[in-house]
Structure formats: structure tokens, C-alpha cells
Amino acid sequence: MVNQECHLVPKPLDLNASIFHHQPNIPAQFIWPDEEKPTADAPRFAIPLIDLSGFLSGDPVAAEEASRLVGESCMKHGFFLVSNHGVNGDLISHAHRCMDHFFELPLDQKLKAKRQLGEHCGYASSFTGRFSSKLPWKETFSFGFSAEKNSENTVQEYFQSALGENFSHTGKVYQEYCNAMNKLSQGILELLAMSLGLERKSLREFYEDNESIMRLNYYPRCQKPELTLGTGPHYDPTSLTILHQDTVSGLQVFVDNQWRSVPPCPNSFVVNIGDTLMLLAQGSGEQHKCKEITCIFFVPKEGQGSEASLGIG
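So this is what it looks like as C-alpha cells:
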């Protein structure tokens, strides 16, 4: 007698997230275990707010105070807000509008820029081609950015090649946005170096020719938000994350053994010192978890042996 077994191969999801805008239920793959589900009543995190206006204008007293606050935050938990950061508010708003426009496109158009296996850039969705459980309720679009002087149009060229000439303007907006993020990150690295007693330019020079990945995260409307997560709990194994939130609260950080919410703060960025720089700042390997929104990953000169990340949410 021949023993025959029939193994059913699960079909991957192949869905347009927009169909869930009004549906009362969500697929089982997106439902997280009870112990990992969203913390709806998370207490508010008293995240330090650091005003960068004096530092950016060259005031040495203000720079010392800002560096002190950065160092204090790094020693305690690794999170802080920056305001008066020098990034144009109209540019930020324009970048958000461009992001909304892209994610509102029909699925077949977004898939023109589909991220290929093993690559970092392109469009990816938890709603298409996925088999696993505990899926994040999100779509992402990632693209590279280089701070090298001969790579001024990296972002704009990628948008045109991946999505066509109609996205040339969107690419130009994000090219400018990435340039602004790079400039902001260099200032934060200066403050961190000062807080560590290092030469002010040391960390900035280490990362000056960075190659980065910017990631836009989009969280479609969900009728059962208490059952799923947009981005699951994770550590940032990098150096620096800068996030810009929209007006919807959702970011949580794990501080003092509990999840705490970080409500959106108008005209500010959330900064998370990742594991690489936290080791330098604290002299220990303590890690800090977060459930975040959107990221841009920032890498130092080739061969330097370290990695950093900037996040925008």
C-alpha cells in the first residue's frame, strides 16, 4: 500500500489594502497575539523637547545647552524631540502630500516599483505576496539617497526610472527633503559628539558621505486597529533615526519597562539614538524598543564599519 500525503500550499495574500477601509473584519494573518497587541491606554511619554534655533544660529551657550540635553536623553532612554530644526515646513507638508498621492494609486501602478527580493528600494505591501502571520498593517516605499557631491539627483532619477516621468516632480521634492534630513542629521551628530566630549566635527565627518535609505510608511484605514500593528515592536540596530509624524497618534516607545505613547508634536521631529550610537553614548549595550511610523536609513562612508539610520514618520 502506498502512503500518499497531500500537502496544501498556502496561497499568498494578493489584496488591495483599500478594500479594508470599510470591512468589519481583517485577515487572520494580521491579528497579533494578545501579549503583543497595541497598547491603547499607554501613558504619555514626557519626551524631552530640544530647541535647535540657538545652536543653528551659532550661539555657543545654546549649543552647550542643547548638547547637554542630548547627552542626558541618551543616558536615560535615547529619545528626544527637536524643534526649530531648520527644515522648511512647506517642504515637509509637500513631502507628506506626495506620499499620500503615491499610496492612493491603484495597486498595479504601485507594483511598477515593486521591491525585489534582497533589495532595499521599492514598493512593498503586507497585503500582497505574503504568507506569514503577525503581518504589519502597512505599505512602504523605500529609496536610496547619497550625500556624495556627484550624486545630487539620486532620488529624482530613481523616481523617474521606477515610476515614469510623471513622478519627476515627486522625485525632486524627496531629493530636497533628503538633503534637508541629511543636514539636520549632521547637526544632531555634532551635538552628540559635544555631549560625549569629542571634537565637535568628529561624528559629522564620519558620516558625511553617507548613503541612505528613506522609507515612507503608510497605514491604511483599519476597522479593527485593536487587533493589529502598523509596525511591530523592534530595536533600531543603527545609529540615528529621525521621524516626522503626521497628525495621527500611533508612535510608542518602550521606556522604564512599559510602552509609552509619543503624540504628534507639530513642527518637530522625533529622534531615536539607535543601538550603535547608544553603545558609544552609554558605554553599554542597552537597547530601546519602539513601534514607529516612517524611516530614512543613514549609512557612513563605505568601509567605516558602522551603520546609522534616520527616520521620518
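Going by full-length UniProt numbering, the first residue of the sequence shown is number 1, and it counts up by one from there.
For glycine and all other residues, C-beta sits at the position ideal for the given N, C-alpha and C.
Secondary structure in the segment 32 to 83: the beta strand (DSSP E) runs of 3 residues or longer, each lying completely within the stretch, are 49 to 51, 79 to 83 in chain order. Between the segment 201 to 217 and the segment 157 to 171 there are fewer than three C-beta pairs closer than 8 Å, too few to call the two in contact.
The three-state reading of DSSP puts Ser212 in strand, counting E and B together.
Distance from the Cα of Phe141 is smallest, within the candidate group Leu105, Asn153, Ala147, Lys134, for Leu105. Bridge pairing for Ile273: Leu240 [DSSP]. For Glu190, same chain residues with a beta-carbon under 6 Å away, outside a window of 5 residues either side, are Arg200, Arg204 in chain order. The beta carbons of Lys37 and Leu227 sit about 7 Å from each other, so the pair counts as a contact at 8 Å. Closest in C-alpha terms to His94, from the list Gly171, Ala63, Asp51, Asn84, comes Gly171. The residue from Val270, Tyr158, Gly144, Gln245 with its alpha-carbon nearest to that of Tyr219 is Gln245. For Leu117, there are no CB contacts under 7 Å within the same chain when 5 residues up- and downstream are skipped. For the set Asp209, Asp34, Leu251, the Cα lying nearest the Cα of Asn217 is the one of Leu251. The three-state secondary structure of Ala113, taken from DSSP, is helix. Here Gln29 has Ser133, Leu135 as same chain residues with Cβ atoms under 6 Å from its own Cβ, once five neighbours each way along the sequence are excluded. With respect to Phe269, Leu81 sits close: the two C-beta atoms are nearer than 8 Å. Taking the Cβ atoms as the reference, Ser195 lies roughly 22 Å from Val87, outside the contact range of under 8 Å. Here the C-alpha atom of Pro266 lies approximately 14 Å from the C-alpha atom of His96. Lys110 and Glu152 have their alpha carbons spaced roughly 25 Å apart. The Cβ-Cβ distance between Tyr158 and Met214 does not fall below 8 Å.
Between Ala180 and the set Trp137, Ser146, Asn25, Ala124, the nearest pair of CA atoms involves Ser146.
The straight-line gap separating the alpha-carbon atoms of Leu56 and Gly230 is approximately 34 Å. Following the DSSP letters along the chain, one finds Ser142 inside the beta strand (DSSP E) bounded by residues 139 to 146. Rounded to the nearest whole angstrom, the CA to CA distance from Glu35 to Gly232 is 12 Å.
Taking the Cα of Gln160 as reference, the smallest distance to any Cα among Ala113, Asp100, Gly58 is reached at Ala113. DSSP places His234 in the strand class (E or B) of the three-state scheme. Straight through space, the alpha carbons of Asp90 and Arg221 are spaced by roughly 26 Å. One Cα belongs to Ala63, the other to Ser53, and the distance between them is close to 9 Å.
DSSP places Arg204 within a helical segment (H, G or I) once states are collapsed to three. With contacts defined as CB atoms closer than 8 Å, Gly78 and Ile273 qualify as a contacting pair.
For Gly122, the enclosing beta strand (DSSP E) stretches over residues 122 to 125. Look at Tyr219 here: in three-state DSSP terms it is coil, with no helix or strand label.
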